[in-house]
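Under this note's numbering, the first residue of the sequence shown carries the number 63, and numbering increases by one thereafter.
Before any comments, here is the structure.
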Amino acid sequence: MAREIDPQKSPRAESYRLWMNARNPMVTFFKTFDVTALVRYGRKNHLKFNMLMVWCIGKAAKDIPEFYTLPVGNKLIQYDTIAVNTIVRNKAGGINSCDILFTDGLRAFNERYLESTSRSSDGCADIDLSEDNMVIGTSAVTDTEIDGAVGMDSGIFNNPFLIWGKYRKRLFRYYLTVSFQFHHTQMDGAHAGRFLANFQNEINSIKNCRY
Numbered sequence: 063m064a065r066e067i068d069p070q071k072s073p074r075a076e077s078y079r080l081w082m083n084a085r086n087p088m089v090t091f092f093k094t095f096d097v098t099a100l101v102r103y104g105r106k107n108h109l110k111f112n113m114l115m116v117w118c119i120g121k122a123a124k125d126i127p128e129f130y131t132l133p134v135g136n137k138l139i140q141y142d143t144i145a146v147n148t149i150v151r152n153k154a155g156g157i158n159s160c161d162i163l164f165t166d167g168l169r170a171f172n173e174r175y176l177e178s179t180s181r182s183s184d185g186c187a188d189i190d191l192s193e194d195n196m197v198i199g200t201s202a203v204t205d206t207e208i209d210g211a212v213g214m215d216s217g218i219f220n221n222p223f224l225i226w227g228k229y230r231k232r233l234f235r236y237y238l239t240v241s242f243q244f245h246h247t248q249m250d251g252a253h254a255g256r257f258l259a260n261f262q263n264e265i266n267s268i269k270n271c272r273y
């Protein structure tokens, strides 16, 4: 469910005043993650690395209140639920955008991920859940090792967005640099830093998850 709230009565009132009409209100952080646990867990349980990344992103964001409020147009919208987006290669050779509703259970999320991405790919159609959910965008450029990427400020989509490439192997561990872009009206640097710390913690704790 989504509903408009009064910015002046929200915790983001001052940020709304300062950044809502800024020429470039988007901020980007870069962080290199140790994704060894994800790589090993995925191989052991025959699960897709990208699915595990997307699930950990949802896990890292779900307890941070700022992720449930998003500037849309000139309005501030409050959501009750989160979805995570992934880009899908479709059967026609193009790409589509696929939103997946986040759920805490890994098995249920994996089933939803596989069903949604297959439907999007086979139908060459986007799956858009943004009307009722705060959507976290992602884009994985898995064919290439990249040092980072900055998303664009479209002036239309203010959603938080993560981009990554191919992970790197160093000795016996795997590392991945991720960029995280967010609208300053939605959150401050401290909130973004907490999210990134949560993300690494969720990656590390995947080994304790019973699938």
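All residues carry an ideal CB built from backbone N, CA and C; glycine is no exception.
- Taking a contact to require three or more Cβ pairs closer than 8 Å, the segment 90-104 and the segment 133-151 do not qualify as touching.
- In chain order, I162, L163, T165 place their CB closer than 8 Å to the CB of R174, counting only its own chain and leaving out the 5 sequence neighbours on each side.
- In the assembly as shown, L168 is a buried residue. Its beta-carbon has 16 or more other beta-carbons within 10 Å.
- No Cβ-Cβ contact shorter than 8 Å links A187 with N112.
- Closest option to K124, judged by alpha-carbon separation, among C271, N266, I198: I198.
- With fewer than 16 neighbouring CB atoms inside 10 Å of its own CB, I67 falls in the exposed class.
- D96: member of the beta strand (DSSP E) spanning 88-96, first to last residue.
- Non-local beta-carbon contacts of T204 in its own chain, meaning distances under 6 Å to residues more than five positions away in sequence, involve K228 in chain order.
- Under the criterion of beta carbons closer than 8 Å, T247 and F92 do not qualify as touching, at roughly 21 Å.
- Contiguous beta strand (DSSP E) elements confined to the segment 190-224 occur at 196-202, taking only those with 3 or more residues.
- Distances from the alpha-carbon of T131 to those of D209, N270, M249 put M249 closest.
- Counting along the chain, no alpha helix (DSSP H) covers Q243; the unbroken beta strand (DSSP E) around it starts and ends at 235-245.
- DSSP assignment within the segment 130-163 yields the following whole beta strand (DSSP E) runs of 3 residues or more, N-terminal first: 131-134, 137-141, 144-151, 157-163.
- In this structure, the straight-line span from the alpha carbon of A64 to that of E76 is close to 22 Å.
- The continuous alpha helix (DSSP H) containing E76 extends over residues 75-81.
- For A64, the secondary structure class from DSSP, reduced to helix, strand or coil, is strand.
- Here N107 is not near Y236, since their CB atoms are 8 Å or more apart.
- Cβ atoms of A259 and F242 stay farther apart than 8 Å, at about 12 Å.
- Per DSSP, K269 lies in no alpha helix (DSSP H) segment and is marked neither H nor E.
- In terms of Cα proximity to S72, the closest of T94, Q140, G104 is Q140.
- In this structure, P133 sits near H245, with a CB-CB distance shorter than 8 Å.
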